[in-house]
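See structure below.
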Amino acid sequence: MRSVREGMHRRISDRWMSVLLMLCFLTGMLTSCSKNGFLKKKIDVPEMARIVVNSIQDLNAAEDLFKQIPEEQRDGTTYSEFYEYISVLQKMIPRSGLVSSFAIVEGQEREELLESMISNDSQEYQDLIRGCIPIMVQTTGTRISGVPLYFYLQTKTDGTVYLNRGWIRSCVNLYAFAVHYFEAYSNKNLTDVISLLPYTEVPEPLPDSAEVLREKANEMIRFYSQNVTSEFREYEMISLDASNLVYLQPKVLDTHLQSKTRKVQFRSDEDDVISVVDPITNELKTADLYLYYNGRRTVRIGEHAAPSQLRALFGEPITISCGPVIEKASSGNEEDGLRNILIRYSGFTITVYGVFHDEEDWDGTYVRFRIWDSEKAGVGAYMSVDQSSWEILSRYPFADETGYVLKISMDGEDYEFRADLDKEHARSNGSYPIKTLILERIGDAS
Numbered sequence: 116m117r118s119v120r121e122g123m124h125r126r127i128s129d130r131w132m133s134v135l136l137m138l139c140f141l142t143g144m145l146t147s148c149s150k151n152g153f154l155k156k157k158i159d160v161p162e163m164a165r166i167v168v169n170s171i172q173d174l175n176a177a178e179d180l181f182k183q184i185p186e187e188q189r190d191g192t193t194y195s196e197f198y199e200y201i202s203v204l205q206k207m208i209p210r211s212g213l214v215s216s217f218a219i220v221e222g223q224e225r226e227e228l229l230e231s232m233i234s235n236d237s238q239e240y241q242d243l244i245r246g247c248i249p250i251m252v253q254t255t256g257t258r259i260s261g262v263p264l265y266f267y268l269q270t271k272t273d274g275t276v277y278l279n280r281g282w283i284r285s286c287v288n289l290y291a292f293a294v295h296y297f298e299a300y301s302n303k304n305l306t307d308v309i310s311l312l313p314y315t316e317v318p319e320p321l322p323d324s325a326e327v328l329r330e331k332a333n334e335m336i337r338f339y340s341q342n343v344t345s346e347f348r349e350y351e352m353i354s355l356d357a358s359n360l361v362y363l364q365p366k367v368l369d370t371h372l373q374s375k376t377r378k379v380q381f382r383s384d385e386d387d388v389i390s391v392v393d394p395i396t397n398e399l400k401t402a403d404l405y406l407y408y409n410g411r412r413t414v415r416i417g418e419h420a421a422p423s424q425l426r427a428l429f430g431e432p433i434t435i436s437c438g439p440v441i442e443k444a445s446s447g448n449e450e451d452g453l454r455n456i457l458i459r460y461s462g463f464t465i466t467v468y469g470v471f472h473d474e475e476d477w478d479g480t481y482v483r484f485r486i487w488d489s490e491k492a493g494v495g496a497y498m499s500v501d502q503s504s505w506e507i508l509s510r511y512p513f514a515d516e517t518g519y520v521l522k523i524s525m526d527g528e529d530y531e532f533r534a535d536l537d538k539e540h541a542r543s544n545g546s547y548p549i550k551t552l553i554l555e556r557i558g559d560a561s
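Counted the way the working numbering counts, the sequence shown spans residues 116 to 561.
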């Protein structure tokens, strides 16, 4: 009896094992067996791309599509995070546009695209980028930038495609910050804009001056109010990855009221600290094309110059000298050729481009004012060498963006102002003394 029972148990056990193996075989395309139960089979790159693209195309289907991704390929990403991420990607589609197809970017094109994303990021992030697979999405409608729409899938060292949670969260955070940033300007919220200034990437550290920061904020608000004529909903999201979000502002007026496009970039570093590349430049004001003396406006750069005029304004010069002929006279007479004439006063010089016969007989055009040690002379009414970099920034809040060089084109001529700072001897408040102020005509605007 015992052997009969043992035989029956073996047959029952064998039968259940057969059933179990059959179930594993029948579900092999969708699942794999493990001692912990049944797991979804890994999905490949085309399938992951399809899930993301179909979610972008129809947000209502995103939840069901998300469930098709095995947990091990979600990297802890929740459905809520996936939904937010898809919502951001959806904003890259042209207005009234639809997704028409997608393609997996491979080979040299992939390498070039990924390489362009790598800057000075951490090695860990560079490795993450190099393991990315770009997916190019074709849509109806036209993208203003002409740049294709891409999103990126990540891969593990074994080649498994997955959704990197850190990548997704960083993309969503960049977008949220950008929305807040642009809303501050749209609402003309001075307090908000001042608080955002430390996030901007500038060539030099922001000055520790409440007045200068307020002027910078006011200038940014003015620029967005008067020059950026497109609304945020009209901006185009050119590209998005875990460390960069780039917007294109389609209608921005330049100094000549010509409408152009402009880019604003949001960056996230390895510590998830966001910064903004949103430079604006100041144009030299026409009121500052004049040499001031004892608080009074005197001569303007580019105007006609004569000895009697200078003597009446500044007295007798210390020296008058001239350089070699630069432009020969049509008559062929050497004395009628055009040259630079240098008139020196105490602490400043005036350069005239014209004809020089002697110290009492010359004629030309003012082409350069240089001030290095004068309490009386200044460029415009507000800039002199006894001031500091902060006074320059109070008048031109973004002069530090261009190395304290300002330009203007007017009447077919280009003019340039430059403040040379003594950065080796900062003042106690952090500002820099001014060593030299130079205002000059630098050539034809053409």
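From the three backbone atoms N, C-alpha and C, an ideal C-beta is built for every residue, glycine too.
Worksheet item: Taking the continuous alpha helix (DSSP H) assigned at tyrosine 290, which residues delimit it?
Response: Segment 280 to 301, the alpha helix (DSSP H) holding tyrosine 290.
Item to complete: Could you spell out where the alpha helix (DSSP H) holding methionine 207 opens and where it closes?
Response: For methionine 207, there is no enclosing alpha helix (DSSP H), as DSSP gives it neither H nor E.
Practice prompt. Starting from the Cα of tyrosine 497, find the closest Cα among Ser509, Cys247, Arg348 and Phe513 and give me that residue.
Written response: Considering only alpha carbons, the answer is Ser509.
Worksheet item: How about serine 503 and serine 546: are their beta carbons less than 7 Å apart?
Response: A contact, by the Cβ cut-off of 7 Å.
Worksheet entry | Start-to-end residues for the beta strand (DSSP E) that takes in alanine 534 | In the DSSP annotation of this structure, the continuous segment of the beta strand (DSSP E) that includes alanine 534 starts and ends at 528 to 536.
Worksheet item: Are there 16 or more other CB atoms within 10 angstroms of the CB of threonine 254, so buried, or fewer, so exposed?
Response: Under this definition threonine 254 is a buried residue.
Worksheet item: What's the call for threonine 306, buried or exposed, on a 16-neighbour Cβ count within 10 Å?
Response: Exposed is the call here.
Worksheet item: What's the C-alpha gap between leucine 243 and methionine 251?
Response: Answer to the nearest angstrom: the Cα atoms are 19 Å apart.
Worksheet entry | Nearest-angstrom beta carbon gap, tyrosine 407 and glycine 493 [assumed within contact, 8 Å] | Yes, glycine 493 and tyrosine 407 are in contact; Cβ-Cβ is about 5 Å, under 8 Å.
Practice prompt. Please say whether glycine 452 and valine 467 have beta carbons closer to each other than 7 Å?
Written response: No; because the gap between Cβ atoms is not below 7 Å, this pair is not in contact.
Worksheet item: Looking at the unbroken beta strand (DSSP E) that takes in proline 365, where does it start and where does it end?
Response: Its beta strand (DSSP E) spans residues 359 to 368.
Worksheet item: Of all the options Glu474, Asn288 and Thr396, which has the alpha carbon lying nearest to the alpha carbon of valine 520?
Response: Checking every option, the nearest Cα to that of valine 520 belongs to Thr396.
Worksheet item: Cβ of isoleucine 208 within 7 Å of Cβ of proline 365?
Response: It is not a contact, given that the beta carbons lie outside the stated cut-off.
Practice prompt. Indicate the three-state DSSP secondary structure (helix, strand or coil) for isoleucine 336 in the structure shown.
Written response: The answer is helix: DSSP assigns isoleucine 336 an H, G or I state.
Practice prompt. Give a yes or no on whether the C-beta atoms belonging to arginine 485 and glutamate 528 are separated by under 7 Å.
Written response: No, the Cβ-Cβ distance between arginine 485 and glutamate 528 is not below 7 Å.
Item to complete: Drop a sphere of 10 angstroms on the beta-carbon of lysine 331, count the other beta-carbons inside from all chains shown, and report buried for 16 or more, exposed for fewer.
Response: Lysine 331 is buried by the Cβ-count criterion.
Practice prompt. Take every Cβ of the stretch 284 to 291, pair it with every Cβ of the stretch 311 to 320, and state whether three or more of those distances are shorter than 8 Å.
Written response: Counting C-beta pairs closer than 8 Å gives fewer than three between the stretch 284 to 291 and the stretch 311 to 320, which falls short of the contact rule.
Discussion item. At the level of alpha carbons, what is the spacing between serine 561 and lysine 375?
Written reply: Since pLDDT at serine 561 reaches only 40, below the 50 mark, its modelled position is unreliable, and the value read off the structure follows with that caveat. So the two alpha carbons sit approximately 19 Å from each other.
Fill in: Per-residue burial, leucine 552 [other beta carbons within 10 Å of its own, 16 or more giving buried]
Counting of Cβ neighbours within 10 angstroms places leucine 552 among the buried residues, the total reaching 16 or more.
Item to complete: Report the rounded CA-to-CA distance for aspartate 356 versus glutamate 226, giving the unit in angstroms.
Response: Looking at the two C-alpha atoms, the distance is approximately 15 Å.
Discussion item. Which residue marks the beginning of the alpha helix (DSSP H) containing proline 422, and which one marks its end?
Written reply: Proline 422 -> alpha helix (DSSP H) spans 422 to 429.
Fill in: alpha helix (DSSP H) segment containing phenylalanine 181, residue limits
In this chain, the alpha helix (DSSP H) harbouring phenylalanine 181 covers 177 to 181.
Discussion item. Going by C-alpha to C-alpha distance, which of Val220, Ala293 and Lys303 sits closest to methionine 352?
Written reply: When each option's Cα is compared against that of methionine 352, the closest is Ala293.
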